[in-house]
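Undergrad:
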Amino acid sequence: MSTASKDQNEQTGQRAMWSSRMAFILAATGSAVGLGNIWKFPYITGENGGGAFVLVYLLCIAVIGIPIMMAEVMIGRSGRKSPISAMRILATRAGRSANWQWVGWMVIASAFIILSFYSVIAGWALSYIGYAASGTFAGASAETIGGIFSSLLADPATLLLWHSLFMLLTIVVVARGVRGGLERAVTLLMPALFVLLLVMVGYAVAAGDFARGFAFLFRPDFSKLTTSAVLTAMGHAFFTLSLGMGAMMAYGSYLPEKVSIAKTAIIVSIMDTVVALLAGLAIFPIVFANGIEASSGPGLVFQSLPLAFGQMPGGALFGTLFFILLVFAAWSSSISLLEPLVEWLEEHRGIDRKIAAIGGGVSIWLLGLVSVFSFNIWSDVKPLSMFKMFEGKTMFDLLDYLTANIMLPLGGLLAALFVGWALSSKSVREALEMEDNMQFKVWYTLVRYVTPVAVLIVFIYNLG
Ligand code: PHE
Numbered sequence: 152m153s154t155a156s157k158d159q160n161e162q163t164g165q166r167a168m169w170s171s172r173m174a175f176i177l178a179a180t181g182s183a184v185g186l187g188n189i190w191k192f193p194y195i196t197g198e199n200g201g202g203a204f205v206l207v208y209l210l211c212i213a214v215i216g217i218p219i220m221m222a223e224v225m226i227g228r229s230g231r232k233s234p235i236s237a238m239r240i241l242a243t244r245a246g247r248s249a250n251w252q253w254v255g256w257m258v259i260a261s262a263f264i265i266l267s268f269y270s271v272i273a274g275w276a277l278s279y280i281g282y283a284a285s286g287t288f289a290g291a292s293a294e295t296i297g298g299i300f301s302s303l304l305a306d307p308a309t310l311l312l313w314h315s316l317f318m319l320l321t322i323v324v325v326a327r328g329v330r331g332g333l334e335r336a337v338t339l340l341m342p343a344l345f346v347l348l349l350v351m352v353g354y355a356v357a358a359g360d361f362a363r364g365f366a367f368l369f370r371p372d373f374s375k376l377t378t379s380a381v382l383t384a385m386g387h388a389f390f391t392l393s394l395g396m397g398a399m400m401a402y403g404s405y406l407p408e409k410v411s412i413a414k415t416a417i418i419v420s421i422m423d424t425v426v427a428l429l430a431g432l433a434i435f436p437i438v439f440a441n442g443i444e445a446s447s448g449p450g451l452v453f454q455s456l457p458l459a460f461g462q463m464p465g466g467a468l469f470g471t472l473f474f475i476l477l478v479f480a481a482w483s484s485s486i487s488l489l490e491p492l493v494e495w496l497e498e499h500r501g502i503d504r505k506i507a508a509i510g511g512g513v514s515i516w517l518l519g520l521v522s523v524f525s526f527n528i529w530s531d532v533k534p535l536s537m538f539k540m541f542e543g544k545t546m547f548d549l550l551d552y553l554t555a556n557i558m559l560p561l562g563g564l565l566a567a568l569f570v571g572w573a574l575s576s577k578s579v580r581e582a583l584e585m586e587d588n589m590q591f592k593v594w595y596t597l598v599r600y601v602t603p604v605a606v607l608i609v610f611i612y613n614l615g
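In my numbering, the protein residues as written are 152 to 615.
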């Protein structure tokens, strides 16, 4: 932004806004749809036995995810500031303690940590585009492909290169600002992603065991459902909808008035779910057709799929498309992880957006080195092994654990408590601009009681 227009904005109190409801929906969907949908959802579904797990996951999205997303977007839009300032402003306005701003600090810290390792994993996907395109997987055996994966992880320089490139992509978009950067990127990335995903599903129909993949996802077998699967499903609902990390608050702070928060949150959640299910429909038919174990874990996308691509006609092309898709999805998520911090640096410290994006991005990149080295030269560094629950965890594992199992549910829980208990129901209702009394009551009950109790259960389970 030029100095002149910035001054003008400050005088008129104007701030950047999404140009339309559609732009917000694309951006929020871009944030939600990420590695969580295409990499994590299929493998945890595979590990947890399919259909019944999917059903619980869908229930969690509806009952916990959507209400909290509404709460977070509402906090952003009412405060019209970064998560830290928005929490402070709303709390003071309601006559509550300004200490609520610490929730803002926590969610920004979570986003900071998550992006540091998210970028490293997105880097794997970047490097796999090259492998797939160059035909490395063609006719390769499971061992060869496993070897490619482990030598990638064992090579700090290569991991560093891809991690750096991915952070650069993220910084470039965020530096360009809400309309010129974020909005423009998601308007290109999201439709491309949908098209690529449909192509992949088409490929799975043609070349995979589609009937079996479909049944695996949609025919619930409750005998396979464990308590830990229920809790995994709930935790994943948070991660996949980008909740508890300030992303939805930051994006909500650019949301114009008069846009229905309830409707948009429902649309975004549905799109996120559709993408996850489509990813499952693209992946499992290929997995089953090739005799791959559905429960093979985090390597499902990086080790099992290349095997399938290497054996199938047109595999090089579709493999390349698949990893491009994964990078697109991760990219539109990573920008939403950097945005809350940049928004805060800009508004609170008066730092120019470009500098803020570079400064924030470089700091996150630096922390990312911890994850990069966790897979190789520091793979033996397990600093918290004296505690039973952290035994054998590398620093990457610890960062993942700290955010996903502790900070994220806590962020979501606190956002729900803030909106459900600290603010008055009248102000909340006005901020949501919800006319229908019944709808409001349902949402309010979910946010006040159902969500906090459910999150507490996950939380206690994960700590215990
Ligand atoms: N929702 C993203 C995914 O599924 C991850 C993410 C979490 C992005 C939090 C932004 C904020 O991959």
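Built from N, CA and C at the ideal position, the CB exists for glycine as well.
When DSSP labels each residue in this structure, what does threonine 602 get in the three-state scheme?
TA: Looking up residue 602 in the sequence shown gives position 451. Note: threonine 602 maps to helix in three-state DSSP.
Undergrad: In chain order, what residues of the same chain have a beta carbon less than 6 Å from the beta carbon of alanine 293, not counting five sequence neighbours either side?
TA: Numbered from its first residue, the sequence shown carries residue 293 at position 142. Around alanine 293: Leu458.
Undergrad: Let's see if you can read the secondary structure: which residues bound the alpha helix (DSSP H) around tryptophan 482?
TA: Here residue 482 refers to the residue found at position 331 when the sequence shown is read from its first residue. Counting along the chain, the alpha helix (DSSP H) containing tryptophan 482 begins and ends at 466 to 500.
Undergrad: Can you tell me whether methionine 537 is buried or exposed, with buried defined as 16 or more other CB within 10 angstroms of its CB?
TA: Counting from one through the sequence shown, the residue named residue 537 turns up at place 386. Exposed is the call here.
Undergrad: What residue does the alpha helix (DSSP H) around glutamine 252 start on, and which one ends it?
TA: Stepping through the sequence shown from its first residue, residue 252 is reached at position 101. Looking at the DSSP string, the run of the alpha helix (DSSP H) that includes glutamine 252 is 252 to 284.
Undergrad: Could you check where the alpha helix (DSSP H) with glutamate 584 kicks off and where it finishes?
TA: Counted from its first residue, the sequence shown places residue 584 at position 433. First-last for glutamate 584: undefined, no H or E at that position.
Undergrad: How big is the Cα-Cα spacing for leucine 568 and proline 218?
TA: As a first step, residue 568 must be located in the sequence shown, where it is residue number 417. As a first step, residue 218 must be located in the sequence shown, where it is residue number 67. Using only the alpha carbons, I get a separation of about 12 Å.
Undergrad: To the nearest angstrom, how far is the alpha carbon of lysine 409 from that of leucine 559?
TA: The residue labelled residue 409 in the question sits at position 258 within the sequence shown. The residue labelled residue 559 in the question sits at position 408 within the sequence shown. Approximately 29 Å between the Cα atoms of the pair.
Undergrad: Any heavy atom of ligand 1 inside 6 Å of the beta-carbon of serine 233?
TA: Start at 1 with the first residue of the sequence shown, and residue 233 comes out as number 82. Not under cutoff, so the answer is no.
Undergrad: Answer with buried or exposed for tyrosine 354, where buried requires no fewer than 16 other C-beta atoms within 10 angstroms of its C-beta.
TA: Numbered from 1 along the sequence shown, position 203 holds the residue referred to as residue 354. The residue in question, tyrosine 354, is buried, as its Cβ has 16 or more Cβ neighbours within 10 Å.
Undergrad: What's the gap between the Cα of alanine 605 and the Cα of proline 464?
TA: Counting from 1 along the sequence shown, the entry for residue 605 is found at position 454. Counting from 1 along the sequence shown, the entry for residue 464 is found at position 313. Rounded to the nearest whole angstrom, the C-alpha separation of alanine 605 and proline 464 is 46 Å.
Undergrad: At a cut-off of 6 Å, is leucine 549 close to ligand 1 when judged by its beta-carbon and the heavy atoms of the ligand?
TA: Locating residue 549 in the sequence shown gives position 398, where the first residue counts as 1. Leucine 549 Cβ: outside cutoff for every heavy atom of ligand 1.
Undergrad: In chain order, what residues of the same chain have a beta carbon less than 7 Å from the beta carbon of leucine 597, not counting five sequence neighbours either side?
TA: Reading the sequence shown from its first residue, position 446 is the one you call residue 597. Cβ neighbours of leucine 597 beyond the five flanking positions: Val214, Pro218.
Undergrad: Are the Cβ atoms of valine 323 and isoleucine 486 separated by less than 7 Å?
TA: Along the sequence shown, read from residue 1 onward, the residue named residue 323 stands at position 172. Along the sequence shown, read from residue 1 onward, the residue named residue 486 stands at position 335. Going by C-beta atoms, valine 323 is not nearer than 7 Å to isoleucine 486.
Undergrad: Can you say whether serine 171 is buried or exposed, counting buried as having 16 or more other CB atoms within 10 angstroms of its CB?
TA: For the purposes of this step, residue 171 is taken as residue 20 along the sequence shown, with counting starting at 1. It counts as exposed.
Undergrad: Please give me, in chain order, every unbroken run of the alpha helix (DSSP H) with length at least 4 that falls completely inside the region 399 to 427.
TA: none
Undergrad: Would you decide whether methionine 585 is buried or exposed? Buried here means 16 or more other CB atoms lie within 10 Å of its CB.
TA: Against the sequence shown, residue 585 aligns to sequence position 434. Answer is buried; the Cβ neighbour count reaches 16.
Undergrad: With DSSP collapsed to three states, give me the class of serine 171.
TA: Here residue 171 refers to the residue found at position 20 when the sequence shown is read from its first residue. Looking at serine 171 - three-state DSSP - the assignment turns out to be coil, as it is neither helix nor strand.
Undergrad: With DSSP run on the structure shown, which of helix, strand or coil describes valine 184?
TA: Your numbering for residue 184 matches position 33 in the sequence shown. In the structure shown, valine 184 sits in coil (DSSP, three-state: anything other than H, G, I, E or B).
Undergrad: Exposed or buried, proline 234, counting other C-beta atoms within 10 Å across all chains shown (16 or more means buried)?
TA: Position 83 of the sequence shown, counting from 1, holds the residue named residue 234. Result: buried.
Undergrad: Given this structure, state the Cα-to-Cα distance separating leucine 583 from serine 261, to the nearest angstrom.
TA: Residue 583 sits at position 432 when you count from the first residue of the sequence shown. Residue 261 sits at position 110 when you count from the first residue of the sequence shown. Spanning the two alpha carbons is a distance of roughly 26 Å.
Undergrad: In three-state DSSP terms, what is glutamine 162?
TA: By one-based count along the sequence shown, residue 162 stands at place 11. Confidence in glutamine 162 is poor, its pLDDT being 35 and thus under 50, which makes the residue's placement too unreliable to answer from.
Undergrad: Count the other CB atoms, across all protein chains shown, that sit within 10 Å of the CB of serine 267; report buried if there are 16 or more and exposed otherwise.
TA: Counted from its first residue, the sequence shown places residue 267 at position 116. Classification for serine 267: buried.
Undergrad: Would the beta-carbon of leucine 574 be found less than 6 Å away from any heavy atom of ligand 2?
TA: With respect to small molecules bound, the structure shown includes ligand 1 and not ligand 2.
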